[in-house]
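The block underneath contains the structure these notes are about, expressed in structure tokens.
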Amino acid sequence: MNTLKIYFVGVGGQGNVLASKLVGEAALEAGVPVVLSETHGMAQRGGVVESTAVLGGALSPTIADGCADILLAFEPLEAVRALNKIHRDSLVITSTAPLKPFSPAGDDKAYPPVPELLAYLNAKCGRVLAFDGREIALAQGNALGLNMVMLGALYASGVMPIQPETQKKVIAAGTKEAFVPRNLACFEAGLHAGTEAMKALACK
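So the numbering used here is basically just the index in the sequence shown, starting at one, shifted up by 731.
Spelled out as structure tokens, the structure:
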């Protein structure tokens with residue numbers, strides 16, 4: 732089995748570490764070898780959080796620069812900052828909803844306009860799926876469901892060696908019972924958004 736290297740990046744509180752763990756659990760459920768890693772940084776203060784999932788029998792979860800097959804970004808500026816991880820055939824999946832990282836110095840520098848960030852992403856990578864994941868989560872009644880939306884979009888890529896139903900089973904077993912219906916709704920909504928974005932990408 733070829734390896735699939737997925738690099739998750741976001742801001743503390745967006746749930747990208749949980750998303751990578753759920754991918755890992757789904758891989759094990761499906762009998763797919765997987766190794767994971769996570770870097771929290773200043774996660775508790777809204778700092779950058781990175782995690783990885785390498786599927787397919789790799790010995791190390793480390794993803795070197797230029798080696799990520801998929802960049803799954805929960806925030807558009809962090810997607811731009813992580814572009815060093817991708818290669819020419821990578822797929823970038825990003826939410827367009829901005830979330831300014833915490834600055835301990837109180838730095839109030841202007842956040843770059845999202846259209847400019849997306850234009851830069853498209854200039855650097857030929858395959859970019861972009862949608863407002865936060866808005867999609869809110870539409871499902873789940874303000875904290877961005878990670879489930881992004882997981883759904885990941886499965887729309889068509890390259891995951893795991894069935895979406897397996898991932899849904901893991902979500903149902905691995906998240907709090909009260910949140911399961913909304914988490915699954917967010918996953919399905921993300922799968923739909925990602926599928927539509929893939930169709931639009933194919934028409935370019």
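Here a beta-carbon is modelled for each residue, glycine too, at the ideal position from N, C-alpha and C.
Note that this is a predicted model, so its numbers are computed, not measured.
Could you check what DSSP says for residue i in three-state terms: helix, strand or coil?
i      : result
Thr897 : helix
Arg819 : strand
Leu803 : strand
Pro829 : coil
Pro846 : helix
Ile902 : helix
Val890 : coil
Asn853 : helix
Residues bridged to residue i by DSSP?
i      : result
Thr783 : Tyr738, Ser768
Val859 : Val823
For residue i, does the count of other Cβ atoms within 10 angstroms reach 16, so buried, or fall short, so exposed?
i      : result
Lys736 : buried
Thr793 : exposed
Gly857 : exposed
Gln894 : exposed
Cys917 : buried
Ala774 : Its pLDDT being 49, under 50, Ala774 is placed unreliably in this model, and the coordinates cannot settle the point.
Just confirm the distance between the C-beta atoms of residue i and residue j, as a whole number of angstroms; I'd bet it's less than 8 Å.
i      : j      : result
Ala920 : Gly883 : 7 Å
Ser821 : Asp800 : 6 Å
Gly786 : Ala758 : In the sequence as presented, Gly is not what sits at residue 786; that position holds Leu. With a Cβ gap of about 6 Å, Leu786 and Ala758 count as contacting.
Asn914 : Met881 : Wrong, their Cβ atoms sit about 12 Å apart, outside the cutoff.
Leu848 : Leu808 : 6 Å
Ala813 : Tyr738 : 6 Å
Leu852 : Ala810 : 6 Å
CB-CB under 8 Å to residue i, same chain, minus the five flanking residues each way: which ones, in chain order?
i      : result
Glu806 : Val740, Gly741, Val742, Gln745, Thr825, Ser826, Ala828, Pro829, Leu830
Pro764 : Met732, Ala758, Leu786, Gly787, Gly788, Ala789
In its own chain, which residues sit with a C-beta less than 7 Å from the C-beta of residue i, not counting the 5 before and 5 after it?
i      : result
Gly905 : Leu753, Glu756
Among residues of its own chain, excluding the 5 on either side of residue i, which ones have a beta-carbon nearer than 6 Å to its beta-carbon?
i      : result
Tyr886 : Pro895, Leu922
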